[in-house]
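Novice: Could you have a look at this structure, given as structure tokens, before my questions?
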DNA sequence: GTCTATATAGGGATAGAC
DNA sequence: GTCTATCCCTATATAGAC
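Chains as they are written, first to last, in the numbering used here: chain A, 2 to 186; chain B, 2 to 186.
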């Protein structure tokens, strides 16, 4: 355990994330990022030599690790129905604010899309594939399982949009409830 | 018909919109907006005295008029099932690119959210209310109709996110197909 | 590893000629 | 109604002291 820095790498990522979520890549200024981390702009460059791009990359990587932990890893369990159940619950832990926001979505505009669009696309593909495989394992035809998987992820993303618009978390919770019903009966 | 300007107000709005859609409010620079309209930055200020805020406001207003025409007006028809059918078809006309993008969604970050968040929220509320009223008129209990309406708009927004990520329009078309089935059987 | 100070570019916005 | 030229400010990034 390094005892040198005031904030650990993880803690810094946790401070950077809300800025990118609320302002997007182009709207996230170094002044905002410096305030959030309680560092000077120059100090930020010590930790993130390539500047804002590095900061966003680390923020995205940290959220990627949380997605892995809460949403994707559960989909590798032995029992498909339990796996889906756990993964859907994990979605609520992954998107966990009063008004939950998807960092990947916030980074899909302007320079953010140019820099991270490909990585985000691949992440979403992995999620959709793992979910569809589990749905198929419950006895649903593969083609149909793929459709349900895709619709589920779309519903989650859509609910997050409405959460952002109405500044609430109810749409996401309702969405997960519906997903449970639709997939698991 | 004024024959003075090279581009009409509507034509200018049509040029500004893609910039705000792809870059968001903060990412849409005056240089990009000037290029898109084939005007100098100074000329833009003649048409939009308050600058970028005015440009985004006009872009949003123009898309609002299209939403009214394609999606909302049909919901005032006499036959609720036909109204829903026409409105869902209208959604495909409203979001009409190779990779359809929602301007309101692109403006829900950073300064865009500060400036237009309230107006966007009200627009979505109107849409949800009109849709739910029509669903209720088909004989579905009001509470349930509200849920279906909300879920439909969420599904549309979610499908647009996936269209943006995968650079396609298929998710939106599939979404509208499913909405037809879900609501109209 | 942190900071102040600074360099350089680009952003939004305006003046004023045509 | 359009433009060039300009202004001021902020944004990103770097230099170099501590």
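For every residue, glycine included, the Cβ atom is placed at its ideal position computed from N, Cα and C.
So is residue 148 of chain B in contact with chain A if we call contact Cβ pairs under 9 Å?
Specialist: What you label residue 148 of chain B is simply residue 147 of the second chain in a count that begins at 1. Residue 148 of chain B counts as touching chain A.
Novice: Rounded to whole angstroms, what's the CA-CA distance from residue 183 of chain A to residue 61 of chain B? Just pull it up for me.
Specialist: The residue labelled residue 183 of chain A in the question sits at position 182 within the first chain. The residue labelled residue 61 of chain B in the question sits at position 60 within the second chain. Whole-angstrom Cα-Cα distance: 36 Å.
Novice: Please report how far the alpha carbon of residue 149 of chain B lies from the alpha carbon of residue 113 of chain A, in whole angstroms.
Specialist: By one-based count along the second chain, residue 149 of chain B stands at place 148. By one-based count along the first chain, residue 113 of chain A stands at place 112. Near 33 Å, if we compare the C-alpha coordinates of residue 113 of chain A and residue 149 of chain B.
Novice: Would the stretch 166 to 173 of chain B and the stretch 14 to 31 of chain B be scored as touching if the rule is three or more Cβ pairs under 8 Å?
Specialist: no
Novice: Rounded to whole angstroms, what's the CA-CA distance from residue 59 of chain A to residue 43 of chain B? Just pull it up for me.
Specialist: The residue you call residue 59 of chain A lines up with position 58 of the first chain. The residue you call residue 43 of chain B lines up with position 42 of the second chain. Near 39 Å, if we compare the C-alpha coordinates of residue 43 of chain B and residue 59 of chain A.
Novice: At least one CB of chain B closer than 9 Å to the CB of residue 112 of chain A: is that the case?
Specialist: Locating residue 112 of chain A in the first chain gives position 111, counting from the first residue. Closer than 9 Å to some Cβ of chain B, the Cβ of residue 112 of chain A qualifies, so yes.
Novice: Using the Cβ count rule (16 or more neighbours within 10 Å means buried), how would you classify residue 97 of chain B?
Specialist: Working through the second chain from its first residue, we reach residue 97 of chain B at position 96. It counts as exposed.
Novice: List the residues of chain B that residue 165 of chain A touches, going by C-beta distances under 7 Å, in chain order.
Specialist: In the first chain, the residue the question calls residue 165 of chain A occupies position 164. Ordered by position in chain B, the residues that pass the 7 Å Cβ test against residue 165 of chain A are 109.
Novice: Given a threshold of 16 other Cβ atoms within 10 Å of its Cβ, counted over all protein chains shown, does residue 9 of chain B qualify as buried or as exposed?
Specialist: Here residue 9 of chain B corresponds to residue number 8 of the second chain, with the count starting at 1. Exposed.
Novice: So, using beta-carbon positions, are residue 27 of chain B and residue 111 of chain B closer together than 9 Å?
Specialist: Locating residue 27 of chain B in the second chain gives position 26, where the first residue counts as 1. Locating residue 111 of chain B in the second chain gives position 110, where the first residue counts as 1. Cβ distance < 9 Å, so residue 27 of chain B and residue 111 of chain B count as in contact.
Novice: When burial is assigned at 16 or more other CB atoms within 10 Å of the CB, is residue 144 of chain B buried or exposed?
Specialist: Along the second chain, read from residue 1 onward, the residue named residue 144 of chain B stands at position 143. The residue in question, residue 144 of chain B, is exposed, as its Cβ has fewer than 16 Cβ neighbours within 10 Å.
Novice: Considering just the uninterrupted stretch of the alpha helix (DSSP H) at residue 27 of chain A, what are its terminal residues?
Specialist: The sequence position of residue 27 of chain A within the first chain is 26, counting from 1. Per DSSP, residue 27 of chain A belongs to the alpha helix (DSSP H) from 10 to 28.
Novice: Distance cutoff 9 Å, beta carbons only. Does residue 58 of chain B sit that close to anything in chain A?
Specialist: Mapped onto the second chain, residue 58 of chain B falls at position 57. Proximity of residue 58 of chain B to chain A, defined by a Cβ-Cβ separation below 9 Å, is not satisfied.
Novice: Exposed or buried, which one is residue 53 of chain A when buried takes at least 16 other CB atoms within 10 Å?
Specialist: Along the first chain, one-based indexing puts residue 53 of chain A at 52. So residue 53 of chain A counts as buried.
Novice: Could you give the distance in angstroms between the alpha-carbon of residue 116 of chain B and the alpha-carbon of residue 55 of chain B?
Specialist: Residue mapping note: residue 116 of chain B aligns to position 115 of the second chain, counting from 1. Residue mapping note: residue 55 of chain B aligns to position 54 of the second chain, counting from 1. Their Cα atoms are separated by approximately 10 Å.
Novice: Excluding the five sequence neighbours on either side, which residues of its own chain have a C-beta within less than 8 Å of the C-beta of residue 84 of chain B, listed in chain order?
Specialist: Numbered from its first residue, the second chain carries residue 84 of chain B at position 83. Counting only Cβ-Cβ distances below 8 Å, and skipping sequence neighbours, we find 75, 76, 77, 78 and 135.
Novice: Can you find a C-beta in chain A that's less than 9 Å from the C-beta of residue 127 of chain B?
Specialist: The residue given as residue 127 of chain B occupies position 126 in the second chain. Cβ-Cβ to chain A under 9 Å: no for residue 127 of chain B.
Novice: Distance check for residue 160 of chain B and residue 155 of chain A, CA to CA, integer angstroms please.
Specialist: Sequence index remark: in the first chain, residue 155 of chain A carries index 154 (1-based). Sequence index remark: in the second chain, residue 160 of chain B carries index 159 (1-based). In a straight line, the C-alpha of residue 155 of chain A is about 5 Å away from that of residue 160 of chain B.
Novice: Between residue 95 of chain A and residue 68 of chain A, which are expected to be in contact by the criterion C-beta below 8 Å, what is the C-beta distance as a whole number of angstroms?
Specialist: Translated into positions along the first chain, residue 95 of chain A becomes position 94. Translated into positions along the first chain, residue 68 of chain A becomes position 67. Between residue 68 of chain A and residue 95 of chain A the Cβ distance is about 6 Å, and since that is below 8 Å, they are a contact.
Novice: Within 9 Å of any Cβ in chain B, is that where the Cβ of residue 122 of chain A sits?
Specialist: Residue numbering aside, residue 122 of chain A sits at position 121 when the first chain is read from its first letter. At least one chain B Cβ lies under 9 Å of residue 122 of chain A.
Novice: Less than 7 Å between C-beta atoms, sequence neighbours within five positions excluded: which residues of the same chain meet that for residue 168 of chain A?
Specialist: In the first chain, counting from the first residue as 1, residue 168 of chain A sits at position 167. 100, listed in sequence order.
Novice: Buried or exposed for residue 152 of chain A, please, with buried defined as at least 16 other CB atoms from any protein chain shown within 10 angstroms of its CB.
Specialist: For this step, residue 152 of chain A is matched to residue 151 along the first chain. Buried, by the Cβ-count rule.
Novice: Roughly how many whole angstroms lie between the Cα atoms of residue 90 of chain B and residue 89 of chain A?
Specialist: Indexing the second chain from 1 puts residue 90 of chain B at position 89. Indexing the first chain from 1 puts residue 89 of chain A at position 88. For the pair residue 90 of chain B and residue 89 of chain A, the Cα-to-Cα distance works out to about 32 Å.
Novice: In chain order, what residues of the same chain have a beta carbon less than 6 Å from the beta carbon of residue 105 of chain B, not counting five sequence neighbours either side?
Specialist: To locate residue 105 of chain B, count along the second chain from 1; it is residue 104. Contacts found: 121.
Novice: Would you identify the three-state DSSP class for residue 148 of chain B, choosing helix, strand or coil?
Specialist: By one-based count along the second chain, residue 148 of chain B stands at place 147. Three-state result, residue 148 of chain B: helix.
Novice: Can you tell which of B:92, B:82 and B:63 has its C-alpha closest to the C-alpha of residue 73 of chain B?
Specialist: Along the second chain, read from residue 1 onward, the residue named residue 73 of chain B stands at position 72. Checked all of B:92, B:82 and B:63; the closest Cα to residue 73 of chain B is B:92.
Novice: Which same chain residues, not among the five before or five after residue 108 of chain B, have their C-beta less than 6 Å away from its C-beta?
Specialist: As a position in the second chain, residue 108 of chain B is number 107, starting the count at 1. Same-chain partners within the cutoff: 26 and 117.
Novice: Would you tell me roughly how many angstroms separate the C-alpha atoms of residue 40 of chain A and residue 12 of chain A, rounded to the nearest one?
Specialist: As a position in the first chain, residue 40 of chain A is number 39, starting the count at 1. As a position in the first chain, residue 12 of chain A is number 11, starting the count at 1. Roughly 12 Å separates the two Cα atoms.
Novice: Do you know offhand how far residue 164 of chain B's Cα is from residue 64 of chain A's?
Specialist: Here residue 164 of chain B refers to the residue found at position 163 when the second chain is read from its first residue. Here residue 64 of chain A refers to the residue found at position 63 when the first chain is read from its first residue. For the pair residue 164 of chain B and residue 64 of chain A, the Cα-to-Cα distance works out to about 22 Å.
Novice: Going by beta carbon distance, what residues of the same chain come within less than 8 Å of residue 133 of chain B, once the five residues before and after it are set aside?
Specialist: Residue numbering aside, residue 133 of chain B sits at position 132 when the second chain is read from its first letter. Excluding positions up to five away in sequence, the list reads 143, 146, 147, 149, 150 and 151.
Novice: Considering only the beta carbon of each residue, do residue 157 of chain A and residue 177 of chain A sit closer than 9 Å?
Specialist: Working through the first chain from its first residue, we reach residue 157 of chain A at position 156. Working through the first chain from its first residue, we reach residue 177 of chain A at position 176. Yes, the Cβ-Cβ distance between residue 157 of chain A and residue 177 of chain A is below 9 Å.
Novice: DSSP on residue 110 of chain A, reduced to helix/strand/coil?
Specialist: As a first step, residue 110 of chain A must be located in the first chain, where it is residue number 109. Reduced to three states, the DSSP call for residue 110 of chain A is coil.
Novice: How far does the alpha helix (DSSP H) with residue 71 of chain A in it reach, from first residue to last?
Specialist: Reading the first chain from its first residue, position 70 is the one you call residue 71 of chain A. Where residue 71 of chain A is concerned, there is no enclosing alpha helix (DSSP H), given that its DSSP letter is neither H nor E.
Novice: Under 7 Å Cβ to Cβ from residue 4 of chain B, same chain only, skipping five residues before and after it: list those, please.
Specialist: As a first step, residue 4 of chain B must be located in the second chain, where it is residue number 3. Any reading at residue 4 of chain B must be qualified, since the residue scores a pLDDT of 48, below 50, and its modelled position is unreliable; no value is offered.
Novice: Give the secondary structure of residue 178 of chain A by DSSP, where H, G and I count as helix, E and B as strand, and everything else as coil.
Specialist: Counting from one through the first chain, the residue named residue 178 of chain A turns up at place 177. Residue state, collapsed to three classes: helix.
Novice: Within 10 angstroms of its Cβ, does residue 71 of chain B collect 16 or more other Cβ (buried), or is it exposed?
Specialist: By 1-based counting over the second chain, the position of residue 71 of chain B is 70. It is buried - the Cβ of residue 71 of chain B has at least 16 other Cβ atoms within 10 Å.
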